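Quick notes on the structure that follows.
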Amino acid sequence: GQQLNQSPQSMFIQEGEDVSMNCTSSSIFNTWLWYKQDPGEGPVLLIALYKAGELTSNGRLTAQFGITRKDSFLNISASIPSDVGIYFCAGRPTSGTYKYIFGTGTRLKVLA
Amino acid sequence: DSGVTQTPKHLITATGQRVTLRCSPRSGDLSVYWYQQSLDQGLQFLIHYYNGEERAKGNILERFSAQQFPDLHSELNLSSLELGDSALYFCASSVGADNTEAFFGQGTRLTVV
Chain L
27 GQQLNQSPQS MFIQEGEDVS MNCTSSSIFN TWLWYKQDPG EGPVLLIALY KAGELTSNGR
87 LTAQFGITRK DSFLNISASI PSDVGIYFCA GRPTSGTYKY IFGTGTRLKV LA
Chain R
131 DSGVTQTPKH LITATGQRVT LRCSPRSGDL SVYWYQQSLD QGLQFLIHYY NGEERAKGNI
191 LERFSAQQFP DLHSELNLSS LELGDSALYF CASSVGADNT EAFFGQGTRL TVV
C-alpha cells in the first residue's frame, strides 16, 4: 500500500537533546497527524495540522505543516526517557477521502 | 486507556482458518476504523464504518470482511488465513465520520502458524 517517506527510521539520542523528524510525500495532503506508539499499545494522537504553514505545539512537541503541503516536521525539545517509542506521521490526501496514509515510523531511543 | 476495547489481545491460529476480531468503540463514537500493522511497518488502513454503514475501503483483501452492528461494535473477519496475515490489527473510533480525532485500541496480535 501507499506510504509516506518518514525519516530518520531510528535514532538514539541523549536525554536533554532536541529531536527532529520529518515526513515527505509525492502527493499534496490537507491534513497531517503525528502519533506516538508505545510497545504493546495503540497509537496515540499527538498533534493534528490542518493548514499549510501551520505550527502547533503540544508541550515539548512542535509540529509544522509544510508550505508545499507535501511534508511535515515534528520536533521534540529536551527529550526525556519516556519519549521512547515509535512516532508515526499520517497524511490525508486532498481528494476528499477519509483514508489516512501512514509513514513507516521513526523509532526513538533516549539514552539517560 | 483510550476507551476503545479490542478482543482478543492475542490470537494464534493455523493457516487456512478463519478468525473474528472484535472492537467496541468509545461511548458515543459512531465511526470505527480498522488498520493492519505488520512487523516494523506503519499502519495500513483497511476499512471504515460510520453508524453501521461502510464509508471507505483501503487495502483490504477479499478474504477479509468487516461489519458494524446496531450497537456500534464492529467485527473484522479474516478467512483462509495465510502466514503473511500475521500482524497487529488495530481498531480506532471517532465521534464523526472524519477520523482526525480517532482513538486507537490496544490491538489484536494475530499469529498465523
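So the protein lines, in turn, are chains L and R. So in my numbering, spot 11 of the first sequence is number 37, and the numbers just go up one at a time. So in my numbering, spot 96 of the second sequence is number 226, and the numbers just go up one at a time. Ideal Cβ positions, reconstructed from N, Cα and C, are used throughout, including at glycine. All of these numbers come straight from a predicted model, not from anything done at the bench.
Comparing alpha-carbon positions, which option in the options lies nearest residue i?
i, options, result
"G111(L)", "T132(L), F128(L), K96(L), G92(L)", "T132(L)"
"Q236(R)", "I39(L), G68(L), K125(L)", "G68(L)"
"T135(R)", "I142(R), W164(R), A144(R), I190(R)", "W164(R)"
"A196(R)", "L202(R), S168(R), L206(R)", "L206(R)"
"G182(R)", "E192(R), E231(R), S154(R)", "S154(R)"
"G172(R)", "I39(L), F38(L), S98(L), G117(L)", "G117(L)"
"G226(R)", "R239(R), E212(R), R156(R)", "R156(R)"
Let's see if you can read the secondary structure: which residues bound the beta strand (DSSP E) around residue i?
i, result
"R133(L)", "132–137"
"G111(L)", "111–119"
"Q32(L)", "31–33"
"K62(L)", "55–63"
"T126(L)", "With the sequence shown as reference, residue 126(L) is identified as Tyr, and Thr is not the correct amino acid for it. It is not in any beta strand (DSSP E) - Y126(L) carries neither H nor E in the DSSP assignment."
"V242(R)", "238–242"
"S36(L)", "36–40"
"A217(R)", "217–224"
Would you mind sorting residue i into buried or exposed? The rule is 16 or more other CB atoms within 10 Å of its CB.
i, result
"A217(R)", "buried"
"A89(L)", "buried"
"R95(L)", "buried"
"G133(R)", "exposed"
"I127(L)", "buried"
What separation, rounded to the nearest whole angstrom, lies between the Cα atoms of residue i and residue j?
i, j, result
"G85(L)", "L72(L)", "10 angstroms"
"S223(R)", "G42(L)", "35 angstroms"
Enumerated in chain order, which unbroken segments of the beta strand (DSSP E) with a length of 3 residues or greater are wholly contained in the stretch 142–207 of chain R? 149–154, 161–167, 173–180, 183–187, 194–198
Start-end ranges of the beta strand (DSSP E) lying completely within the stretch 65–93 of chain L, minimum 3 residues: 70–75, 81–84, 87–91
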